[in-house]
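Visitor: Just so we're aligned: 405 in the UniProt record's numbering is position 405 of the sequence shown, and the numbers increase by one with no gaps anywhere.
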Amino acid sequence: MFTAAAENLLHQAREIQDEELGRFCAGVSKLLQEAPGPATVDALQRLFLIVSATKYPRRLEKSCVDLLQTTLCQPSCPEQLQVLCAAILREMSPSDSLTLSCEHAQNTQQLSLVASVLLAQGDRRQEVRSVGQRICTVLESRQLDGSSPRPLLPIVSKTTLTCSARSWWTGSATPVSSRGLHTRGASSPHPGPGSRAPSLRWTGQWPQTSSQCCPRANTSQRTSGSTCRPSPCCGPGCCTAGLWTRGALAQPCFPTDDRSELEGSTLSVLSAASTASRLLPPRERLREVAFEYCQRLLEQSNRRALRKGDSDLQKACVVEAVLVVDVLCRQEPSFLYRALSCLKALHAQLGTDEGSERALLALAQFFLNHGEAAVVGADAVYQRLFTRLPAEHFHSPVLAFEVVRFCVDNLGLFPSPLLGLLKSSFPNLFKLLAWHSAPLTSEFVVLLPGLVDASLAVEMLHALLDLPCLTAALDLQLRNSATPSDRPLWDTSLRTPSCLEAFRSPQFQGLFQHLLRTKASGSVERLTPLHQLLQPMSSCARVVQCAQAVPTLLHAFFAAVTQFADGALTNQLALLILERSDSLYQVAGFEARVHRVLSGQLLVLCQQKPALVVELARELLGVGGSVSSIRSHGSVLTCVVWAVGEYLSVACDRRCTVEQINKFFEALEALLFEVTQSRPSADLPRCPPQVITGLMTTLTKLASRSQDLIPRVSLFLSKMRTLTQNPVPGFAHQEEGTEAIRTRATELLTLLKMPSVAQFVFTPSADVCHPRYHRDTNTALPLALRTVSRLVEKEAGQPG
1 MFTAAAENLL HQAREIQDEE LGRFCAGVSK LLQEAPGPAT VDALQRLFLI VSATKYPRRL
61 EKSCVDLLQT TLCQPSCPEQ LQVLCAAILR EMSPSDSLTL SCEHAQNTQQ LSLVASVLLA
121 QGDRRQEVRS VGQRICTVLE SRQLDGSSPR PLLPIVSKTT LTCSARSWWT GSATPVSSRG
181 LHTRGASSPH PGPGSRAPSL RWTGQWPQTS SQCCPRANTS QRTSGSTCRP SPCCGPGCCT
241 AGLWTRGALA QPCFPTDDRS ELEGSTLSVL SAASTASRLL PPRERLREVA FEYCQRLLEQ
301 SNRRALRKGD SDLQKACVVE AVLVVDVLCR QEPSFLYRAL SCLKALHAQL GTDEGSERAL
361 LALAQFFLNH GEAAVVGADA VYQRLFTRLP AEHFHSPVLA FEVVRFCVDN LGLFPSPLLG
421 LLKSSFPNLF KLLAWHSAPL TSEFVVLLPG LVDASLAVEM LHALLDLPCL TAALDLQLRN
481 SATPSDRPLW DTSLRTPSCL EAFRSPQFQG LFQHLLRTKA SGSVERLTPL HQLLQPMSSC
541 ARVVQCAQAV PTLLHAFFAA VTQFADGALT NQLALLILER SDSLYQVAGF EARVHRVLSG
601 QLLVLCQQKP ALVVELAREL LGVGGSVSSI RSHGSVLTCV VWAVGEYLSV ACDRRCTVEQ
661 INKFFEALEA LLFEVTQSRP SADLPRCPPQ VITGLMTTLT KLASRSQDLI PRVSLFLSKM
721 RTLTQNPVPG FAHQEEGTEA IRTRATELLT LLKMPSVAQF VFTPSADVCH PRYHRDTNTA
781 LPLALRTVSR LVEKEAGQPG
C-alpha cells in the first residue's frame, strides 16, 4: 500500500475542484509557452497526479490541451517533457478535443508517444488503423535521422492485439515482417551472398549480457547500452517482436504470393543455411527466419546474465521463443523434429535455473499441443508444473493466473494420465486459489468440474471448507521462510507470535503437513485444533477475502458432483455436511454463508435420494435432536427438520418403520418443547421462528403417518397457539415471527381434525408427479388445495 505521505498527496489531488484546476492549468499553459525548465517539469508532474488520481476523467482548459499537444510534437522539446505531456493526454482519453496525428511525429520516439495517445482514444475515429499504417510506412522506409525502430515495437504489439481488420493485416504484415526478417537475418552466422546490412557491419566485438563478446550485433544476448543504435533483436526488443511474429503467422489473410517486394530488395536474400538461396513467399520467409532466430536464442539461453535486469529480459525472450516455435510447429510439422532436441535441452536447463517458471509453462504448452510426437520428456515437465511450481511460487500473482489459465484452456486436451495427475494435484492448485481467491474464483468455477470425480469428491469438499484455514497456513509458511528484514511492516504474526510458534511446533506438524500437502492423500484429517490455533489470523484481509469466495466455489462443486454421484457418494456427502457444519474456521460471516449453501445442497441430495433419511437416521437424529444444533448448525438444522418431515415415510423408502417415525417424533418434540419453554441464554440462544414453524410442520407430518401420535401433536399445537397469544418472557419474538407461528399452528390443527385429508396433503402419492393428476377435474391437486383452504379459513373464522 501507499505510505502516509503518498496517501496525503493523492487525497489532496482528488479534492481539487474544477475552479482551482482551471487556475492551475492557466499556470501550466504559461510555463509551456516559455523556455523549458525545472518549473515546467514540476508543474506537468503535478498536473499528471491530479488527472490520474481520480477514476473519472478531469476536464482541462482547451488552451492547455492544445499546448500539451504542441509540446509533444515539437522536435526540439526535451524527451522528459514529451513523456509527461503524452501521459497527461492519455489520462484524459477519450477526448473530443485532441487533434493529434501520427504525421506530426519527426522521429520514432516521438511517433511512439503520439501513437500511445491515439490508441488510448479507443478507435473512435479509426485511430488504430492510422497508427498501424504510419508505423508500417516508417518501418518500410530507411530512417535518415538514424533513429531506432525499437520504440515502435510496443505500439506494434498493441496494434496486433487491438486491430483484427483483414484489410489492415493484408497491407501491413509484409513490411513489418520484412523488417523483422532483415534484422534477424543479419544475426545469422551464415549470411546470404546478397544480403546487405551496412549499419550492422562491424569488425569489433559486441558486449553481451553474459560478459562475453560476439562479432554479431543482432543477438538476443546483446546489451542495448552501446554507442550504436539498439537492435530490435537484442533482449529488450525480442519479446515485443515475438508477439508480432505470432500474430502475423496466425492471420489467415497473410499474403502468400506477393513476390514483387522480393526482387532486388535489401530484404530479398535469406541465410544460405535456411533456404538454400531460394526465394520464398512472405509467410514461408517469416517462418523460416523466425524459427532459425528462435533456435539460436534458445541455444544461447544457457549463458547466464550478470545483471538481474538482463537476466529477466533473457528469460522473457526464452518464453517468447518457445511460444513462436510452438506456432511454427503447428503450422509446419517439419519444424517439430528440428525443435525437439533444443527444447529438451532447454527443459534440462530449466530444472536448475531459478526464475524459469514461465518458460516451463510455455514448454508444457508446446508438449501438449504436439501430442505423441513430443511426448518424450513431457511427463517431467507436467510433474514439475503441477507439484513444485504451485507449492513454491503460490504467492506470485502472474504465475498463479497463468498456471490456472493453462489448466482451464487445455482441460479438454489433457490425455488420461495427465488428467489424472492434474486431479490428484488439486491440493496444490488450491494453494493458488487460497492465496489469490478474488482474481481466480471465476477460473476455478470453470475448472472444478474437470477436477472432481467420485474418488476425490469427499476430500475436495473438506479442502474447500478449509480454504480460509489454508490461506492462514500459507501466510505462516511464507513468513516462516522469510528473513526478518524481508517481512513487511504490516506483518500480523509479529503481534501474534503464537501462530508462528504453533507452525514450528512438532506437535502440530502433522496437521500442517496435511493441510499443505501437494497431492490428494485419500484420507481426511479433522483440523479443528488448527482452527483454534489460527484464530488470531482470521481477521487478516487475505483470509477474509478467501472466506468470501468459498460459497461460490461450493455451488460450483455441488453442481458438478450431483451429476455423477451414486448412492454411496451421496450418503458420504450428506454425512460430511452434517459433520462439518459445526466444524468451520471462525471467520466473520463465513459460517452463516457456508451454512446457507450446505443446507440447500443437503436438500438437493435428499431429493435425489429420498432413502437418505432412513439410511442416515442416527446422524440426523444427532443433529435434529440436540438443542446445541440451533447455534452450531444454523440453517442446516432447519433443512434437516424439513427433510425428516418430507422423506421419512414408507412412500420414500420401504424400510421406514413406525418405530423410526416415533423415535424422530419424540426427539423433535423434546427439542421444540425446550426451545419454546426455556429462557434464552449463552448456551441456548433464541430459536428463530423458521425453526419453530418447521418443527411444528414436521411433527404434524410424522403424526399423519403414525396416527397414534395425533392427540399428542394436537395438544402441543394448541399450547403453541396459546403461547403466541400470551407469550412467556423467554418466548418473546418479533410480531411477524409470532404471527407466523400462530397461523401455522392454526392451519396444522385444522388439518389434523381430518386425518385422511392431513395424510393426503402431507404425504401425497407418487401419482402427484403424473400429468393426469393435474388435468383431471375430479382428482386435480388444485381442487384438493382449494378444498383444504376453505376448511382452514372456516376454522380460522374467516368468511368462506
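Where is the CB? At the ideal position from N, CA and C, for every residue including glycine.
Leaving aside the five residues before and after residue 378 along the sequence, list all residues of the same chain whose C-beta is less than 6 angstroms from its C-beta, in chain order.
Guide: Here the set comprises 367.
Visitor: By how many angstroms is the C-alpha of residue 411 removed from the C-alpha of residue 419?
Guide: Distance between the alpha carbons of residue 419 and residue 411 is about 8 angstroms.
Visitor: Applying the criterion that 16 or more other CB atoms from any shown protein chain within 10 Å of the CB defines a buried residue, is residue 715 buried or exposed?
Guide: Exposed.
Visitor: By the three-class DSSP mapping on this structure, what secondary structure does residue 184 have?
Guide: Interpretation of residue 184 is limited by its pLDDT of 49, a score under 50 that renders its predicted location unreliable; the figure taken from the coordinates is listed afterwards. Reduced to three states, the DSSP call for residue 184 is helix.
Visitor: Relative to the C-alpha of residue 656, which candidate in 77, 129 and 644 has its C-alpha closest?
Guide: Of the candidates 77, 129 and 644, the one whose C-alpha sits nearest the C-alpha of residue 656 is 644.
Visitor: How would you call residue 457, buried or exposed, if buried means at least 16 neighbouring beta carbons within 10 angstroms?
Guide: Buried, since its Cβ has 16 or more Cβ neighbours within 10 Å.
Visitor: Are the beta-carbon atoms of residue 360 and residue 385 separated by less than 8 angstroms?
Guide: A contact, by the Cβ cut-off of 8 angstroms.
Visitor: Would you give the residue range spanned by the alpha helix (DSSP H) that residue 724 belongs to?
Guide: Run containing residue 724: 710-725, per the alpha helix (DSSP H) assignment.
Visitor: On a Cα-Cα basis, can you pick out the residue from 720, 710 and 708 that is closest to residue 674?
Guide: Among 720, 710 and 708, the Cα nearest to that of residue 674 is on 720.
Visitor: Helix or strand or just coil, what does DSSP make of residue 497?
Guide: Note: residue 497 maps to helix in three-state DSSP.
Visitor: Let's see if you can read the secondary structure: which residues bound the alpha helix (DSSP H) around residue 560?
Guide: It spans 541-561 - the alpha helix (DSSP H) in which residue 560 sits, taken as one unbroken run.
Visitor: Taking C-beta to C-beta, are residue 61 and residue 22 nearer than 8 angstroms?
Guide: Cβ atoms of residue 61 and residue 22: closer than 8 angstroms.
Visitor: Nearest-angstrom Cα distance between residue 501 and residue 561?
Guide: Looking at the two C-alpha atoms, the distance is approximately 39 angstroms.
Visitor: On the criterion of 16 or more Cβ atoms from any shown chain inside 10 Å, does residue 12 qualify as buried, or is it exposed?
Guide: The residue is exposed, with fewer than 16 neighbouring Cβ atoms inside 10 Å.
Visitor: Alpha carbon to alpha carbon, how far is residue 700 from residue 707? Give it in angstroms, no decimals.
Guide: Cα to Cα, the separation comes out at about 10 angstroms.
Visitor: Among residues of its own chain, excluding the 5 on either side of residue 71, which ones have a beta-carbon nearer than 8 angstroms to its beta-carbon?
Guide: For residue 71, where only same-chain residues beyond five positions count, the Cβ hits under 8 angstroms are 32, 77, 81, 82 and 85.
Visitor: What do you get for residue 263, buried or exposed, if any count of 16 or more other CB atoms within 10 angstroms of its CB means buried?
Guide: Reliability fails at residue 263, whose pLDDT of 40 lies under 50, so the model's placement of it is uncertain and the value that follows must be treated cautiously. Burial call: exposed.
Visitor: Would you kindly work out how many angstroms separate the C-alpha atoms of residue 665 and residue 577, rounded to a whole number?
Guide: Going from the Cα of residue 665 to the Cα of residue 577 covers about 23 angstroms.
Visitor: Over what stretch of residues does the alpha helix (DSSP H) that includes residue 299 continue unbroken?
Guide: Run containing residue 299: 282-300, per the alpha helix (DSSP H) assignment.
Visitor: Straight-line CA distance for residue 93 to residue 606?
Guide: Using only the alpha carbons, I get a separation of about 56 angstroms.
Visitor: Let's see if you can read the secondary structure: which residues bound the alpha helix (DSSP H) around residue 608?
Guide: Start and end: 590-608.
Visitor: Using the Cβ count rule (16 or more neighbours within 10 Å means buried), how would you classify residue 310?
Guide: Flag for residue 310 reads buried.
Visitor: Can you tell me where the alpha helix (DSSP H) with residue 698 in it begins and where it stops?
Guide: Per DSSP, residue 698 belongs to the alpha helix (DSSP H) from 689-705.
Visitor: For the alpha helix (DSSP H) containing residue 37, list its first residue and its last residue.
Guide: Looking at the DSSP string, residue 37 is not in any alpha helix (DSSP H), and its letter there is neither H nor E.
Visitor: Just tell me which of 696, 79, 393 and 723 has its CA closest to the CA of residue 751.
Guide: The residue with the shortest Cα to Cα distance from residue 751 is 696.
Visitor: Go through its chain and collect everything with a Cβ distance to residue 198's Cβ below 8 angstroms, but skip five positions before and after it.
Guide: With a pLDDT of only 42 at residue 198, under the threshold of 50, the placement of this residue in the model should not be trusted; the figure read from the coordinates follows. Excluding sequence neighbours, residue 198 sits near nothing in its chain.
Visitor: Using the Cα positions of residue 119 and residue 286, report the straight-line distance between them to the nearest angstrom.
Guide: The straight-line gap from Cα to Cα measures roughly 27 angstroms.
Visitor: Residue 427: buried (16+ other C-beta within 10 angstroms of its C-beta) or exposed?
Guide: Residue 427 is buried by the Cβ-count criterion.
Visitor: Taking residue 702 and residue 661 to be in contact with their CB atoms under 8 angstroms, please state how far apart those CB atoms are, rounded to whole angstroms.
Guide: That belief holds up - the Cβ atoms of residue 702 and residue 661 are roughly 5 angstroms apart, short of 8 angstroms.
Visitor: Shortest alpha-carbon distance to residue 288 belongs to which of 400, 325, 470 and 56?
Guide: Comparing Cα positions, the closest option is 325.
Visitor: Excluding the five sequence neighbours on either side, which residues of its own chain have a C-beta within less than 7 angstroms of the C-beta of residue 452, listed in chain order?
Guide: Excluding residues within five positions, the ones whose Cβ falls inside 7 angstroms are 460, 557, 560 and 561.
Visitor: Would the C-beta of residue 342 count as close to the ligand NAP, meaning under 7 angstroms from any of its heavy atoms?
Guide: The model on display carries no ligand, and the ligand NAP is accordingly not part of it.
Visitor: Per DSSP, what kind of secondary structure is residue 617 in: helix, strand or coil?
Guide: Note: residue 617 maps to helix in three-state DSSP.
Visitor: Taking the alpha-carbon positions, what's the residue 50 to residue 9 distance?
Guide: Each residue's Cα considered, the two are about 9 angstroms apart.
Visitor: Tell me, please, whether the segment 632-642 touches the segment 754-764 by the rule of three or more beta-carbon pairs shorter than 8 angstroms.
Guide: Flag = no, the segment 632-642 and the segment 754-764 do not touch.
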